[in-house]
Each structure stands twice: as C-alpha cells, then as structure tokens.
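Student: Residue numbers (this note's numbering): 57 to 331.
Every residue gets a Cβ at the ideal spot worked out from N, C-alpha and C, and that includes glycine.
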Amino acid sequence: MAEAQPDAAEEPRTPDVLHTVENGVSWITLNRPEAMNAVTWDQRERIIALLADASADPDIRAVVVTATGRGFCAGADLRGGPASAGERVQGDVARMIARGAQRFIGAVLDCEKPVIAAVNGTAAGLGAHLAFACDLVLAADTARFVEVFVRRGIVPDGGGAYLLPRLIGPQRAKELMFFGDAVPAADAAALGLVNRVVPAGELEKMARTWAERLAQGPTRALALTKHLVNASLDADRTAAFAAEAAAQELCMTTRDAREGVAAFVERRTPTYEGR
Numbered sequence: 057m058a059e060a061q062p063d064a065a066e067e068p069r070t071p072d073v074l075h076t077v078e079n080g081v082s083w084i085t086l087n088r089p090e091a092m093n094a095v096t097w098d099q100r101e102r103i104i105a106l107l108a109d110a111s112a113d114p115d116i117r118a119v120v121v122t123a124t125g126r127g128f129c130a131g132a133d134l135r136g137g138p139a140s141a142g143e144r145v146q147g148d149v150a151r152m153i154a155r156g157a158q159r160f161i162g163a164v165l166d167c168e169k170p171v172i173a174a175v176n177g178t179a180a181g182l183g184a185h186l187a188f189a190c191d192l193v194l195a196a197d198t199a200r201f202v203e204v205f206v207r208r209g210i211v212p213d214g215g216g217a218y219l220l221p222r223l224i225g226p227q228r229a230k231e232l233m234f235f236g237d238a239v240p241a242a243d244a245a246a247l248g249l250v251n252r253v254v255p256a257g258e259l260e261k262m263a264r265t266w267a268e269r270l271a272q273g274p275t276r277a278l279a280l281t282k283h284l285v286n287a288s289l290d291a292d293r294t295a296a297f298a299a300e301a302a303a304q305e306l307c308m309t310t311r312d313a314r315e316g317v318a319a320f321v322e323r324r325t326p327t328y329e330g331r
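1) Ends of the beta strand (DSSP E) at Ile258?
2) Please state whether DSSP places Cys129 in a helix, a strand or coil.
3) Is Glu168 helix, strand or coil when you go by DSSP?
4) With distances taken Cα to Cα, identify the nearest neighbour of Arg211 among Leu192, Thr198, Leu223 and Phe234.
5) Can you tell me whether Gly216 is buried or exposed? The criterion is at least 16 other CB atoms within 10 Å of its CB, across all chains shown.
6) Quick check on Met92: buried or exposed, where buried means 16 or more other Cβ atoms within 10 Å of its Cβ?
7) Have a look at the DSSP bridge pairing and note the partners of Leu192.
8) Report buried or exposed for Met57, applying the criterion of at least 16 other Cβ atoms within 10 angstroms of its Cβ.
9) What runs of the beta strand (DSSP E), each 3 residues or longer, lie entirely inside the segment 105-129?
10) When burial is assigned at 16 or more other CB atoms within 10 Å of the CB, is Lys169 buried or exposed?
11) Of the choices Ala296, Asp213 and Thr85, whose alpha-carbon is the least far from that of Arg102?
12) Going by the beta-carbon positions, is the gap between Gly131 and Ala195 smaller than 7 angstroms?
13) In whole angstroms, what separates the C-alpha of Arg264 from that of Thr122?
14) Considering only heavy atoms of the ligand ZN, does any lie closer than 6 angstroms to the CB of Val285?
15) Which of the three DSSP states, helix, strand or coil, is assigned to Ile84?
16) With DSSP as the reference, please indicate the residues paired to Arg331 in a beta bridge.
17) Can you tell me which of Arg331, Gly330 and Glu315 puts its alpha carbon nearest to the alpha carbon of Arg324?
18) Anyone know if the C-beta pair for Ala173 and Ala163 falls short of 7 angstroms?
19) Roughly how many whole angstroms lie between the Cα atoms of Ala319 and Pro326?
20) With three or more C-beta pairs closer than 8 angstroms as the rule, is the segment 233-248 touching the segment 201-210?
21) Using a threshold of 7 angstroms, state whether the C-beta atoms of Gly125 and Pro71 are closer than that.
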C-alpha cells in the first residue's frame, strides 16, 4: 500500500504574532496585515503571554510592540474566540471586557520591562489604547490614532477612559472620544500622546535604537520607575512618597545600583547587567 503523501496545497500557516529576541529586546509584531492587524482572541492571549515572559526573563530587558503592513492595529476582532454557551445574560459583556480588552491593556501596563510602541499605521480603538498603554510611543509620520468607539455607539473600553485623561487631560480626552476623528501622528505628538514622529522608513531603526538603549540600562531601576510613575496617577502625595522610598530601598540592593555608584566615583561609564 502506497504511503500517504501530504497535501501539496497545505503550507505552514504564518503566525499571527511574530516574536524574536535580539540584543535583550523582545520584538512582538502583530501579523495580520490583511485585517489591519485587528487583534483576535488568540493574538491577545499570545501577546499577554509574551509580556509575562518578558517580565520573568532576566535576559529580556526591553520590549517593542509593532505590526506588519499598513496598520498598527484596527482594534479588536471578536471573531475566533471561544464559543459562548447559550443565550447572553446580564454581566456577560462586562466579563468579556474584563477578561479580554482590559486584561490585554493591563498586561502592557504591568510588564516589568519598558515597552515601546512602534506605530507603523492606523491605531484604532483597542489598537490606539495598546499604543497609549506603552511606556514610550514612536509613530511613523503616516500613522494616525482613532477613538472609534463613538462611531459604533459604544463607550471606549480597553482602558481608554483611564489612559487618555492621564495622558492629555479630560477636555482633550473627551474631544477625541466624543467625535472619534482620526488624529494624524504629528497632532498626536503635539497633544502628548506620542513621544516622537519619524518618517515611516525610519521607524524600525528608531525603535531599535531606543529599545537597545533601554536594554543596556539598569533594568530593575527602570521597572521600579515605571511602577512609581503609573501608580502616582492614582495616589496622594503621602502614598507616592512612601512608594518612592520603598522602591529606592529595593533598588539599592541591586548589582546595577552598586555599579552605577561605583562608576560615578571612578568617573567611568557604568556597565549594567539588568540585575
């Protein structure tokens, strides 16, 4: 009996999320260009796992989130998730948002390594919030950001009403969310949503430069700094000062802190190990 041959038409499926680690940087790339990188359930879970892995891996010292094609992320693609059992009941939507979009954005905010968004194209809805949750945002000059929710008759989710007022103030946040107009990269930078706008052809180079510079820094100090800044927006002065003192206590036990002080005394450039 002849041995069965694989179907020649079947080819290995291209991953929806590409991942590489180079020079201490975890590169997470959304890879559904045909759908403007709208995030599926599987992609979301993969990215959450990769961010958790980055936190736990001492050899990963920075993260870049970017995408292929013309779009950074067109929002959430609700197709392809786990099938719901039976008729929807009250509370189902809230649970879906909590376990999905909010958990996704929380994974970026809680990642213990600095996260850079390299926004190559349109970032809409959840895609915009994915960028805004990152610690630093680089945007191609062709990128744009859209608070698309009002166009669908729904409220912003995925942390939008939490993130935007903290980044640009309540009036500007309401303007973007009430009208849902597309904001070009240059205008987003002027508002304070973007750190730097670069020509599209230079985006990856700039992201690599920034990420590798972060990867050579004092990783634990950066993690504690990220936590202090994020937490300060919800804390009073007393709590913020106490958190700062506790963080410095932890930081001073690291090898990198000892190296930083020694390098200062010896008048040389420090060499940080991320520990």
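Tutor: Per the coordinate set shown:
1) For clarity, residue 258 is Glu in the given sequence; the question names Ile instead. No beta strand (DSSP E) holds Glu258; DSSP gives it neither H nor E.
2) In the structure shown, Cys129 sits in a strand (DSSP, three-state: E or B).
3) DSSP places Glu168 outside both helix and strand once states are collapsed to three, so it counts as coil.
4) Contrary to the premise, residue 211 reads as Val rather than Arg in this sequence. Looking at the Cα atoms, Phe234 is the closest of the given residues.
5) Gly216 is buried by the Cβ-count criterion.
6) Here Met92 is buried, its C-beta having at least 16 other C-beta atoms within 10 Å.
7) Answer by DSSP bridge pairing, in chain order: Ile172.
8) Residue placement at Met57 cannot be trusted, given a pLDDT of 40 that sits under 50; what the coordinates show is reported in the next sentence. It counts as exposed.
9) Taken in chain order, the unbroken stretches of beta strand (DSSP E) that lie wholly in the segment 105-129 and span 3 residues or more are 118-123 and 127-129.
10) Under this definition Lys169 is a buried residue.
11) Nearest C-alpha to Arg102: Thr85.
12) Contact: no.
13) Just so you know, the alpha carbons of Arg264 and Thr122 end up roughly 11 angstroms apart.
14) Judged by which ligands are present, the structure shown has none, so any question about the ligand ZN falls away.
15) Correct three-state label for Ile84: strand.
16) The partner list for Arg331 (beta bridge, DSSP) is empty, contrary to what the question assumes.
17) Comparing Cα-Cα distances from Arg324 to each of Arg331, Gly330 and Glu315, the minimum goes to Glu315.
18) Cβ atoms of Ala173 and Ala163: not closer than 7 angstroms.
19) Rounded to the nearest angstrom, the two C-alpha atoms are 5 angstroms apart.
20) Three or more Cβ pairs drawn from the segment 201-210 and the segment 233-248 lie within less than 8 angstroms of each other, which places the two stretches in contact.
21) No, the pair does not count as a contact, with Cβ atoms beyond the cut-off.
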